[in-house]
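A.B. asks:
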Amino acid sequence: MSRSRWLGPCLWLLLLALAAVVVARARYSADLSAFLPRAPTASQQLLVQQLRDGLASRLILIGIEGGGADARALVSHAVAAALRRRPEFVSVSNGEQASQDQDREFVFRHRYQLSPTVTPARFSVEGLNAAIEDNLQLLASPAGLLAKSLFQADPTGETLQVIDQLEEAAGPRREQGVWSSGDGTRALLIAQTRAVGSDTDAQAQAIALIRSAFASAAPAPDLRLAMTGPGVFSVEARATIEHEAVRLSLLSTAVIVTLLLLVYRSLPTLLFGLLPVASGALAGVAAVALGFGVVHGITLGFGVTLIGESVDYSIYLFIQSCRPGGADDNALWRTIGLGVLTSVCGFASLLPSSFPGLAQLGLYSISGLLAAAAVTRWVLPQLLPQRFPIADLVPLGSVAARGLARAQAAAAVLLPLALVCALLLYRERHELWNKDLSALSPVAPAALALDANMRADLGAPDVGTLVIASASDEQQALQLAEQAAARLDALADSGVIGGYDSVTRFLPSEHTQRMRQASVPPEAELQSRLGHAVTGLPVRLQSLQPFVEQAAEARTAPPITRADLAHTSFALGADALLWHGDDRWHALLPLHAAAATPAVRDAGIELGPVQRALASLANEQVVVLNIKQQLDLLYASYLTEAVRLSLSGLAAIAILLLLVLRSLKRVARVIAPLLLAVLVVSAGLAACGTRLTILHLIGMLLIVAVGSNYALFFDRRAADRSGAALPLTLASLLIANTCTVVGFGVLAFAHVPVLSALGETVAPGTLLALLFAALLAPRRLTAVQS
8 MSRSRWLGPC
18 LWLLLLALAA
28 VVVARARYSA
38 DLSAFLPRAP
48 TASQQLLVQQ
58 LRDGLASRLI
68 LIGIEGGGAD
78 ARALVSHAVA
88 AALRRRPEFV
98 SVSNGEQASQ
108 DQDREFVFRH
118 RYQLSPTVTP
128 ARFSVEGLNA
138 AIEDNLQLLA
148 SPAGLLAKSL
158 FQADPTGETL
168 QVIDQLEEAA
178 GPRREQGVWS
188 SGDGTRALLI
198 AQTRAVGSDT
208 DAQAQAIALI
218 RSAFASAAPA
228 PDLRLAMTGP
238 GVFSVEARAT
248 IEHEAVRLSL
258 LSTAVIVTLL
268 LLVYRSLPTL
278 LFGLLPVASG
288 ALAGVAAVAL
298 GFGVVHGITL
308 GFGVTLIGES
318 VDYSIYLFIQ
328 SCRPGGADDN
338 ALWRTIGLGV
348 LTSVCGFASL
358 LPSSFPGLAQ
368 LGLYSISGLL
378 AAAAVTRWVL
388 PQLLPQRFPI
398 ADLVPLGSVA
408 ARGLARAQAA
418 AAVLLPLALV
428 CALLLYRERH
438 ELWNKDLSAL
448 SPVAPAALAL
458 DANMRADLGA
468 PDVGTLVIAS
478 ASDEQQALQL
488 AEQAAARLDA
498 LADSGVIGGY
508 DSVTRFLPSE
518 HTQRMRQASV
528 PPEAELQSRL
538 GHAVTGLPVR
548 LQSLQPFVEQ
558 AAEARTAPPI
568 TRADLAHTSF
578 ALGADALLWH
588 GDDRWHALLP
598 LHAAAATPAV
608 RDAGIELGPV
618 QRALASLANE
628 QVVVLNIKQQ
638 LDLLYASYLT
648 EAVRLSLSGL
658 AAIAILLLLV
668 LRSLKRVARV
678 IAPLLLAVLV
688 VSAGLAACGT
698 RLTILHLIGM
708 LLIVAVGSNY
718 ALFFDRRAAD
728 RSGAALPLTL
738 ASLLIANTCT
748 VVGFGVLAFA
758 HVPVLSALGE
768 TVAPGTLLAL
778 LFAALLAPRR
788 LTAVQS
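Counting from 1 along the sequence shown, just add 7 to a position and that's the residue number in our numbering.
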């Protein structure tokens with residue numbers, strides 16, 4: 008090989024090595040928030056941030072199942088103790104008595120700053136008299152044990168007022184001193200990871216630590232560990248996608264390799280033919296890693312599809328160019344090059360998408376196809392030996408040509424077929440697209456059911472609707488939350504909502520704390536009022552001296568801060584309901600649906616009354632968000648944008664073909680079979696009851712990208728006005744199409760919805776594209792071979 012002939016292979020090896028380094032160092036993720044927009048509205052941005060980095064993304068719900076209650080409780084204590092020693096966890100809660108005691112001690116110490124009943128009227132003579140009398144009545148009730156122990160220091164019952172407010176929502180059941188499921192068959196824990204949920208590697212490490220802690224607790228053989236939560240879903244999704252990608256890649260590769268080995272009858276030739284495939288996959292992943300900083304698992308799984316498409320180029324080269332009577336190299340590469348450019352135009356329409364996941368698929372496809380075509384064009388010819396064996400495919404091509412000549416008589420049915428499919432799609436237009444983001448989720452239904460059950464057992468609120476108060480600093484956000492809470496109280500009283508959660512119940516704004524502290528009179532004044540208030544009550548004034556002293560101290564106590572919540576369960580709530588992002592503070596108030604009847608509960612919360620109640624605060628950045636509604640809007644905009652971009656890609660392909668072919672008739676002959684294949688596949692999926700997702704749309708782009716090569720080859724043979732090499736052309740197209748159908752067909756059996764959607768779209772679509780391109784070819788093209 009001359010020095011100039013070494014240049015291409017050497018440059019290829021260098022670039023391949025660089026790409027391998029990039030791929031090895033790349034970060035991979037299965038976080039479905041990659042399929043959320045980069046620049047949504049302000050309210051949607053809050054939602055996206057919560058999905059990616061909010062507290063919900065950092066919670067792992069842990070269940071210990073089987074065995075007896077005593078055994079589950081012992082393991083719960085051991086697991087909680089082990090995890091609390093690990094820096095990877097911010098907190099671990101399991102309902103132990105120590106945690107309850109810490110919460111009550113915090114409430115007691117700060118009762119005058121936390122209790123909403125602390126007002127000037129409360130500490131008037133009449134107010135003190137009424138509060139003490141109510142507390143005395145409580146002492147005589149079965150619930151008076153705690154009130155009795157606190158009476159001398161808190162005769163007005165402020166501690167119980169705060170506890171009652173905090174316990175409005177149903178909490179988890181306790182059994183043997185730890186949280187338990189409603190049916191008593193599962194002990195429950197909540198672990199909050201230090202890493203955000205989108206950090207899949209860190210979540211995987213946290214899950215491994217939980218498993219290790221469970222194993223170290225030496226549980227009985229009949230005890231089982233269950234886990235759920237966004238981090239668990241993310242880790243399992245990544246593992247599922249990676250497993251499916253590897254399994255399907257091996258399966259499709261094995262079938263394609265077997266087929267090509269029968270065709271080439273030479274192992275070296277086979278290996279040469281797979282070089283473009285490997286190069287394209289490596290280049291695609293490296294380009295995404297460099298362009299986005301992270302490679303989504305779905306993009307990685309998309310690499311399976313490149314096997315069936317990029318192998319086509321070497322098939323065309325080996326069969327059409329390297330055989331006696333084969334195609335002229337320049338003519339062949341003009342056709343392949345135009346096919347590559349049409350594919351690039353189609354996928355380039357995805358690059359400006361505001362959705363990172365969609366843009367990743369576009370960049371991956373473009374980079375992979377260009378790399379595969381370049382290796383086939385400039386590297387393979389330099390590496391191939393002078394003579395290499397390939398089976399004589401002229402007989403196969405001749406049989407195909409004769410079959411095509413007979414089949415073209417049926418071309419007349421294509422127009423009625425197109426009309427029937429168009430009518431079917433029009434009839435199903437309202438139900439054609441699945442606009443639910445969960446359609447992209449690889450999470451199994453059983454895992455979702457476990458998550459729902461464990462959240463219900465833990466008494467989690469209905470967070471389908473959120474009120475979000477945003478401000479430039481923490482205190483303003485807390486004050487806005489308090490103003491919103493006052494309006495929500497009225498809605499709760501009228502039954503519009505069942506209630507709500509708010510961080511201000513255990514972390515009021517400093518303004519509210521100062522007002523409550525100022526409601527407590529100075530010590531001498533309080534002593535005087537108290538003396539009049541207890542007149543006629545069975546209480547000695549001297550016994551209430553701890554109350555007078557502690558109330559006086561509370562007047563000048565420092566305000567409660569977030570740091571004061573440490574070592575209490577309220578710290579977890581503060582992290583969930585008050586967070587900082589994009590230089591603003593956000594207080595979240597999840598609303599509870601009114602639970603009067605199952606029908607009312609299932610209907611959810613009516614947003615109109617809530618929005619009207621908070622209308623006066625709208626200009627102060629208080630918004631009402633229905634999470635499912637916002638996700639539906641996000642995904643709807645996702646689909647709309649993807650359809651628009653796909654149509655623009657099709658327009659770009661048409662313009663490119665018009666510029667190159669310079670004939671409207673030839674352009675129509677190339678595009679018509681592609682559009683017909685897309686139409687028939689879409690109608691077929693709709694007829695089978697399959698609702699289309701964004702990945703079906705990507706599959707349609709692939710039908711156009713791959714099928715354009717078939718149509719262009721038929722167009723080239725027609726334009727050359729020669730049928731001399733038609734058998735080899737048909738043979739190469741049949742082999743290439745079979746490899747593509749196999750490469751995509753195996754995806755239809757994937758357990759990941761986004762991959763199976765590609766398979767069930769592209770496999771039949773590319774087969775139909777070849778068939779329709781052949782049927783629409785000029786009859787004189789086949790007459791030469793008759």
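All C-beta atoms in this analysis are idealised placements derived from N, C-alpha and C, irrespective of residue type, glycine included.
For the alpha helix (DSSP H) containing Phe158, list its first residue and its last residue.
C.D. replies: Per DSSP, Phe158 belongs to no alpha helix (DSSP H) and is neither H nor E.
A.B. asks: Suppose you measure from the CA of Ala222 to the CA of Gly344; what does that come to, to the nearest Å?
C.D. replies: Approximately 59 Å between the Cα atoms of the pair.
A.B. asks: Among Ser83, Leu664, Asp500, whose alpha-carbon lies nearest the alpha-carbon of Ala225?
C.D. replies: Measuring from the Cα of Ala225, the nearest candidate turns out to be Ser83.
A.B. asks: Determine the direct distance from the alpha carbon of Tyr320 to that of Gly346, and round the result to whole angstroms.
C.D. replies: Their backbone Cα atoms lie some 10 Å apart in a straight line.
A.B. asks: Judging by CA-CA distance, which residue of Val239, Asp500, Arg651 is the nearest neighbour of Leu216?
C.D. replies: The shortest C-alpha separation from Leu216 is found at Val239.
A.B. asks: Here's the rule: buried if 16 or more other CB atoms are within 10 angstroms of the residue's CB, otherwise exposed. What is Gly7?
C.D. replies: Given a span of 8 to 793 for the chain in the structure shown, any question on residue 7 remains unanswerable.
A.B. asks: When you compare each of Ala675, Leu432, Ser550, Thr575 to Thr697 by their alpha carbons, which one comes out closest?
C.D. replies: For Thr697, the nearest C-alpha among the options comes from Leu432.
A.B. asks: Looking only at its own chain, which residues have a Cβ that is under 7 Å from the Cβ of Gln557, when we skip the five neighbours before and after it?
C.D. replies: Same-chain partners within the cutoff: Ala160.
A.B. asks: Among the residues of its own chain, which have a CB less than 6 Å from the CB of Asn136, if the five just before and after it don't count?
C.D. replies: Closer than 6 Å at Cβ, skipping near neighbours: Ala540.
A.B. asks: Quick check on Val125: does DSSP put it in helix, strand or coil?
C.D. replies: If DSSP states are grouped into helix, strand and coil, Val125 belongs with coil.
A.B. asks: Please determine, among Leu681, Ile701, Leu289, the residue with the shortest C-alpha to C-alpha distance to Arg651.
C.D. replies: Checking every option, the nearest Cα to that of Arg651 belongs to Ile701.
A.B. asks: Do you know how far the Cα of Leu579 is from the Cα of Val86?
C.D. replies: One C-alpha to the other measures close to 19 Å.
A.B. asks: Kindly identify the DSSP beta-bridge partner or partners of Gly588.
C.D. replies: According to DSSP, Gly588 bridges with Arg591.
A.B. asks: Is Phe779 near the ligand GDP, in the sense that its beta carbon is under 7 Å from a heavy atom of that ligand?
C.D. replies: Ligands in the displayed structure: none, and consequently the ligand GDP is not present.
A.B. asks: Is it buried or exposed for Ile67, if we count other Cβ within 10 angstroms and need 16 for buried?
C.D. replies: Flag for Ile67 reads buried.
A.B. asks: What is the C-beta distance between Leu585 and Ala573, in whole angstroms, given that I count them as a contact (C-beta under 8 Å)?
C.D. replies: So it is not a contact: roughly 15 Å between Cβ atoms.
A.B. asks: Can you list, in chain order, the residues of its chain with a C-beta nearer than 7 Å to that of Thr342? Leave out the 5 residues immediately preceding and following it.
C.D. replies: So the list reads Leu719, Phe720, Arg723, once near-sequence residues are dropped.
A.B. asks: Looking at C-alpha atoms only, which residue of Leu25, Ala620, Val749, Leu683 is the closest neighbour of Leu783?
C.D. replies: Ranking Leu25, Ala620, Val749, Leu683 by Cα distance to Leu783 puts Leu683 first.
A.B. asks: Provide the residue span of the beta strand (DSSP E) that contains Thr235, from first to last.
C.D. replies: Element bounds for Thr235: 231-235.
A.B. asks: Please say whether Ala764 and Gly706 have beta carbons closer to each other than 8 Å?
C.D. replies: Yes, the pair counts as a contact, with Cβ atoms nearer than the cut-off.
A.B. asks: Roughly how many angstroms separate the alpha carbons of Ala807 and Gly752, rounded to a whole number?
C.D. replies: With the chain represented from 8 up to 793, any question about residue 807 goes unanswered, as that position is not in the structure.
A.B. asks: How close, in whole Å, do the beta carbons of Gly404 and Leu733 come, if the pair is a contact with beta carbons under 8 Å?
C.D. replies: Between Leu733 and Gly404 the Cβ distance is about 7 Å, and since that is below 8 Å, they are a contact.
A.B. asks: Which residues bound the alpha helix (DSSP H) around Gly364?
C.D. replies: Gly364 -> alpha helix (DSSP H) spans 363-381.
A.B. asks: Rounding to the nearest angstrom, what Cα-Cα distance links Ile678 and Leu737 in this structure?
C.D. replies: Distance between the alpha carbons of Ile678 and Leu737: 19 Å.
A.B. asks: Skipping 5 residues on each side, what residues in its chain have a beta carbon closer than 7 Å to that of Thr306?
C.D. replies: Cβ neighbours of Thr306 beyond the five flanking positions: Val295, Gln367, Leu368, Tyr371.
A.B. asks: Buried or exposed for Ala24, going by 16 or more other Cβ atoms inside 10 Å?
C.D. replies: Exposed is the call here.
A.B. asks: Looking only at its own chain, which residues have a Cβ that is under 8 Å from the Cβ of Pro528, when we skip the five neighbours before and after it?
C.D. replies: Cβ neighbours of Pro528 beyond the five flanking positions: Phe130, Arg536.
A.B. asks: Can you pull the DSSP bridge partners for Trp186?
C.D. replies: Its beta-bridge partners are Arg181.
A.B. asks: Pick out the complete alpha helix (DSSP H) segments inside the region 82-123, 4 residues or longer, and give them in chain order.
C.D. replies: For the region 82-123, whole alpha helix (DSSP H) runs of length 4 or above, ordered along the chain, are 104-116, 118-121.
A.B. asks: Nearest-angstrom Cα distance between Ser219 and Val114?
C.D. replies: Going by the C-alpha atoms only, they are around 35 Å apart.
A.B. asks: Determine the contact status of Leu487 and Ala478, defining contact as a CB-CB distance below 8 Å.
C.D. replies: Yes, they are a contact pair.
A.B. asks: Measure the CB-CB distance between Leu274 and Ser317 and report whether it falls below 8 Å.
C.D. replies: Result no, Cβ atoms of Leu274 and Ser317 do not sit closer than 8 Å.
A.B. asks: Grouping DSSP H, G and I as helix and E and B as strand, with all else coil, what is Arg254?
C.D. replies: Here Arg254 sits in helix by DSSP.
A.B. asks: For Thr200, write down the residues that DSSP places opposite it in a beta bridge.
C.D. replies: The partner list for Thr200 (beta bridge, DSSP) reads Phe96.
A.B. asks: Is the CB-CB distance between Arg181 and Gly73 below 8 Å?
C.D. replies: Not closer than 8 Å, so no.
A.B. asks: Going by the beta-carbon positions, is the gap between Pro449 and Thr235 smaller than 8 Å?
C.D. replies: No.
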